[in-house]
Every structure is written in structure tokens, then in C-alpha cells.
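Written out below as C-alpha cells is the structure these notes cover.
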Amino acid sequence: MATFQTLPGFREFYPEDFSRRNHLFRLWRQTANTFGFAEYDAPVLEPLDLYKAKSGDEIEGQLFSFTDKGGREVALRPEMTPTVCRLVGAKASTLKRPIRWFSIAEFYRYERMQKGRGRCFFQFNADIFGEPGPEAETELIALLVQCLAAFGLTEQDFFVRLSDRNLWFYYLEALGLDEARIRGVLGAVDRFEKYGDDAFKGYTEQFGPLDGGVKAKVLAFLQIKSLAALEQTLGVIGGEKLAARLADWKKLLGNLAAMGLARFIEVDLGVVRGLAYYTGFVFEAFDRKGELRALAGGGRYDDLVQKLGGPALPAVGFAIGDMTFALLLEQRGLMPTLVQAPDVYCVIGGEAERLEAFGDIHALRAAGYRVDYPLKEVAFGKQFKAAAESGAKLALIYGGDELAKGVVKLRDLGARTEQEVPRAQVVPTVRDFFSV
RNA sequence: GCGGCCAUAGCUCAGCUGGUUAGAGCACAAGAUUGUGAUUCUUGGGGUCGCGGGUUCGAAUCCCGUUGGCCGCCCCA
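Numbering (this note's numbering) for the first sequence: -17 to 418.
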């Protein structure tokens, strides 16, 4: 029994786990490439202030933070957004637009573990910078959908809820609320699904009871589930800002419908997300059964690059976490159990034959075939058993009898047929076998 | 930060109201089988029963603490 335990909430990836993780990464990476996104990475350890600047002091309790030997306050990254804002902000003027970047990286949060949540986890992050219009959202939501659909998930398995923080802002403004009150109401909207009317408690404590008429309108607004209902509600009010937002909504939903993705998208103004820095469309992906945490989340954050010291640069992004996503894939039987079977297994008579076999073994490997053989002398019967168990399609038999004749016996483990092949023909014969 | 449940072999677990040397299945390894297939049979390695303390003649079992896990709340960038 090991004396040292893995730190709480951290994960180890034994080969079987690692192959699953690779499966996620491989398809995410491949999908991002098809959308023209470029991959980047950045330090795991960052100045603590980078996160305080974005989210305030209270964030510190959920960070792996400490003082380094140079007296610097540092933290393991809990997310990618501030980092990528810094990277892009530093070179914004020289980067070709649109700036489309993605990363697959590990993040750390000092939290209590729960289903789908640990202290370390991977995220696929994708962001578009420099594009203020809904064209950016179109690309990102399409990418998000494809990053899930690439695994075989369908609209039966997940969907994306689409909302709009700015629309809420303009609407509440039109109802006569000031900025502080608007933020209070948005906080309540975010919690309404879970707590019902209690969600307004915090607002009432801070600002007094919300006007009855306003509240009724808020409750009606957050239950809007379609573009038509949205248009109807906003049409009554009018105003340039609202009209402009409505035009963006039409464009975004029209684009996504044209891509054939309408079945994945649901208008749901009840989604606001807790994060204060979102400035426009926000979206979250959930499993249809509603059993799991959010699969992914994102939105527009037009002010953040500037807030972190860069130029004014509009931005949209989202992140998919690996833990909840893996749970969903396993639930749906879509997580492959990758068996790493060799192509060829060599059965070797003895030490002399072994030296004869090594030449072919290496040549086959150099040609790209996965070749296994017993590292130590093992009885023939055992070797055949091992060859069968390995999952190899082909066995090459290097016995004394064969080598004396200048041949190697090639056994098709599936068909259970054998043929003798001249030594010099082993590599081409194997190549022929696998090219059929 | 709060609450509930849990901790015995690599894995899944059994082990009665405390009683000699802590078990099973799976997995792993060797042999039966010195040149031909997943079966079968035999055998083997592997545990300070999470850790520490207490009660007791005696603790895997009861009590306290601690560490870790699962689940939920808070939070969720």
C-alpha cells in the first residue's frame, strides 16, 4: 500500500484512462481544425492578480494560489479566458483577423469534489477575437455543437440554450431600472430556475421589493422560448438598441438554421450565467435528460481584453469541460474502449531464432506496423495463446524448422490458415496482407 | 465553508450480536502442454482490514479523532 496518496481531487491516467482522454482531445482538435481555429497554449502558473482583475478578490478562495520563492503572488490557472485575453491583447495589432484560437489545457480549482467536478480538469477552449457581430457567435455555436456531435451525440442527447445579457440589460433599462438594479435582477433571473420566487430575496434585501408590474414583465421575459415571442414582447417597446439586438438574434438563428443546427438550439432567456463580464449572447450546452452539470458554456465578453490591459477588442468564446462530457459519453455508450492490439505477433522458437527474427521485427516496425513478441523465451503453445490474446491479426512463426528452410511461417490468426514465406519476402508479404 | 453515506487483495465484495492463522470471484503469474489458439484443471504471489488513539483477556468488527472517497448544499470563471 502506497504511503503517499494522490492529492484530493487530482486524477491519474492509467493507460486505459489516458486512451479515453486522448479520444476526447483528438476529436476536439480535429473539429477545431476543420473550423480554421489555431491551437495555442500558455503557462499553467499565472500572477494571482490576473484572476483578481477579472473576477474580484473573492475568487481567491477557489484558487490554488501561493507565494513563490521570489515573493510573487501566483495561482494555478483556473480557466483560460484571462490568459488568452492577455496573449491576444499583447499582439492584437499584428494578428490576422478574424482571430480564431483554441486550446486544450488543464485547469485547477480548489473546490470540493462532486460528480463531474474535481480539482483538476481539462477544458477545450475556443474564442474569436475582433468580430463584433453575430457571425462570431454563429461560428462558435456551430463549433460547440460539432465538438459534441463528433462523438456520435445527437439532438436527442444534448442541446444549446441561447440567451442574451445585453438584451436583458436594454429591456430592464427600458423598464426604468438603473445599472445596479439591473445587475440585481439579472442575479435573480440566473437563480430563478432553481429557487423560484426566492431568487428575488437578494434583490429585495438590497433595493427593496421590485415593483409588481416590472416583476411580472421580468418573469414573462425569462420564460421566452422562441424568437417569435421575443419579437412580440420587444416590438411593443421599440427603441434602437432593442431593434439592433433583435436583428442580431434573427441573423444568428437564421445562420444556425441554415447550417442545419436549429434542432440543437433553444432560445431560453432564463440563462444569464453568473459571470459579470459577459456582454451579449450567452450560451450553455446541457444533456437532454437534465441529469448532469452543464457540458459547456460561453458567451460574448467585449470588454475583457481592454480591462486586462489590452486594446478594445470584441470577443466571444466557450469552453467544454472533460469531466461532465466523459460522463455523458459513458452514459450513452459512446466512450470507446480502445484495445491496443498489435498488427503482428511473432512466435519465436529460441534464442538463436530470436536473433533471426529481430531483423524482420525492426523492419516491420519501421514500415509502420505494430509488432509484438515475447521478450523472454516462452513455450510455443504459450506463445500462440499470447498471439491470440493480443488481438493481432497475423502471427509470424520463427521456428528452427522454418529457418532451416529459409522461410518464415505466416499464420492468419483470424482465418487460421498458414503459409510459408521466404525470409526476404516477409515485409512485402505482411504489407500485402494488410493492404487488402 | 456545511451536511449525509462510506473505507477489507490490483478490481468487485463477503466476513453474524467482538473470539484461534482474514476469505471468495475476477485479474495477474507458473505448471499440466519441449511446435499451434481464448476452454479446463492444479498451484502461486499479493493484506500491518486507510491512518492514529481508546474500550477489552481479545478489535476488521464497538467508541473518538484524522485522512481520503462518493453524493448533495454553497459556489461554479
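For every residue, glycine included, the Cβ atom is placed at its ideal position computed from N, Cα and C.
- When secondary structure is reduced to three states using DSSP, L392 falls in the strand class.
- Residues Y380 and L385 of the same chain have their beta carbon placed closer than 7 Å to that of E338, with the five preceding and five following residues left out of the count.
- Within 10 angstroms of the beta-carbon of D269 lie 16 or more other beta-carbons, which makes it buried.
- Per DSSP, T63 is one residue of the alpha helix (DSSP H) stretching across T63 to A72.
- L395 sits close to L376, with the two beta carbons spaced by under 8 Å.
- Contact between G98 and T261 fails: their C-beta atoms lie close to 28 Å from each other, not under 8 Å.
- Between R255 and L149, the CB-CB gap reaches or exceeds 8 Å.
- Non-local C-beta neighbours of A369 in its own chain, meaning closer than 7 Å and more than five positions away in sequence, comprise Y327, V329, A377 and L395, ordered along the chain.
- If you check the CB distance, G(-9) and M95 come in under 8 Å.
- The three-state secondary structure of F(-14), taken from DSSP, is coil.
- A residue is called buried when at least 16 other Cβ atoms come within 10 angstroms of its Cβ; F362 does not meet this threshold and is exposed.
- For V353, the secondary structure class from DSSP, reduced to helix, strand or coil, is strand.
- Going by DSSP, P29 is part of the beta strand (DSSP E) stretching over L27 to P29.
- For I219, the enclosing alpha helix (DSSP H) stretches over residues L209 to I219.
- A contact is defined here as three or more CB-CB pairs under 8 Å, and the region 207 to 216 fails this definition with respect to the region 167 to 175.
- P404 sits in a strand when the DSSP states are folded into three classes.
- Under DSSP, E55 takes part in a beta bridge, and its partners are T49.
- Across the set K197, P25 and F48, the C-alpha of P25 shows the shortest separation from the C-alpha of R59.
- Assignment of Q288 by DSSP, reduced to helix, strand and coil, places it in the helix class.
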